[in-house]
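Here's the structure, in C-alpha cells; my notes come after.
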Amino acid sequence: MAQATTFDEIYRRLAPEIFRYALGLTRQRAVAEDITAETFARALTTHDPTRLPTVRAFLFTIAHRLVMDHFRRHKTEPLPDPDLVGGAAEFDRVSEQRDFLDFALRFLANLPEPEREALLLRAAELSYAEIAATLRITEANAKVRVHRARLKLALWRAEQL
Numbered sequence: 152m153a154q155a156t157t158f159d160e161i162y163r164r165l166a167p168e169i170f171r172y173a174l175g176l177t178r179q180r181a182v183a184e185d186i187t188a189e190t191f192a193r194a195l196t197t198h199d200p201t202r203l204p205t206v207r208a209f210l211f212t213i214a215h216r217l218v219m220d221h222f223r224r225h226k227t228e229p230l231p232d233p234d235l236v237g238g239a240a241e242f243d244r245v246s247e248q249r250d251f252l253d254f255a256l257r258f259l260a261n262l263p264e265p266e267r268e269a270l271l272l273r274a275a276e277l278s279y280a281e282i283a284a285t286l287r288i289t290e291a292n293a294k295v296r297v298h299r300a301r302l303k304l305a306l307w308r309a310e311q312l
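Per my numbering, the very first residue in the sequence shown carries number 152; after that it's consecutive.
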C-alpha cells in the first residue's frame, strides 16, 4: 500500500480490514468495533501513523494485541452476536463456526507466541514483508514462522480427527 497522507485516508482504507480481522476472531460485532476504534486511538497516541512506512502492519499489530487481550480478559466462550444469527439454519451455521473457532483458539493457545503472531498476521493477508516489519524480524524468518505454524496446524488437526 502506498503511504497515505492523512489519518482520515488511513482510517478509510484500513478500518474495514481491521474490523473484519477483529470480527473474524471475536465473532462479536460490538467487540470488533471497540477493537477497531481502540486500534486507531492507540496508533494516534503512540506514533504519527502518516509517517510510518509500514502503517498497515503497525495497525494490525495493535489490533492483534487488543484481540489477544480481549481473550485473556474474557476466558469464557462468547455468545453469538444476535446480528449474526437469524433462524435455526443460521444458528446451526454459527454453531459450526463457533466449533471451528473453538478449535482454532485451542490450537492458537498451544502454538508458541512467535509462530502464533506470524500465522495470525498472514491470515489477515499481510505480506511476509509486512509481517517481518510488524514483528521486527527478517522476511525469511517470517516465512519460516508461518511455515512451522502451518505444519503444526496440519499435525494438530490430524490428531483431533
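All C-beta atoms, glycine included, are put in the ideal place defined by N, C-alpha and C.
Assign residue i to buried or exposed, taking buried as 16 or more other Cβ atoms, counted over all protein chains shown, within 10 Å of its Cβ.
{"i": "alanine 280", "result": "exposed"}
{"i": "threonine 227", "result": "Residue placement at threonine 227 is poorly supported in this model, since its pLDDT is 49, which falls under 50; the coordinates still yield a value, given next. So threonine 227 ends up on the exposed side."}
{"i": "glutamine 179", "result": "buried"}
{"i": "arginine 207", "result": "buried"}
{"i": "arginine 273", "result": "buried"}
{"i": "leucine 256", "result": "exposed"}
{"i": "glutamate 247", "result": "exposed"}
{"i": "arginine 314", "result": "Only positions 152 to 312 of the chain appear in the structure, and residue 314 is not among them; the question remains open."}
{"i": "alanine 275", "result": "buried"}
{"i": "glutamine 211", "result": "Note that residue 211 is phenylalanine in the sequence shown, not glutamine. Looking at its Cβ environment, which holds 16 or more other Cβ atoms inside 10 Å, phenylalanine 211 is buried."}
With distance defined between alpha-carbon atoms, name the residue in the options nearest to residue i.
{"i": "phenylalanine 258", "options": "Ala300, Val218 and Ala291", "result": "Ala300"}
{"i": "aspartate 253", "options": "Gln311, Phe211, Leu277 and Pro263", "result": "Gln311"}
{"i": "glutamate 160", "options": "Thr177, Phe191 and Ala293", "result": "Phe191"}
{"i": "glutamate 325", "options": "Glu189, Leu176 and Val297", "result": "In this structure the chain extends from 152 to 312, so residue 325 is not present and cannot be described."}
{"i": "histidine 221", "options": "Arg163, Val182, Phe251 and Lys303", "result": "Val182"}
How close, in whole Å, do the beta carbons of residue i and residue j come, if the pair is a contact with beta carbons under 8 Å?
{"i": "isoleucine 186", "j": "alanine 166", "result": "Their Cβ separation, rounded to whole angstroms, is 11 Å, which puts isoleucine 186 and alanine 166 out of contact at 8 Å."}
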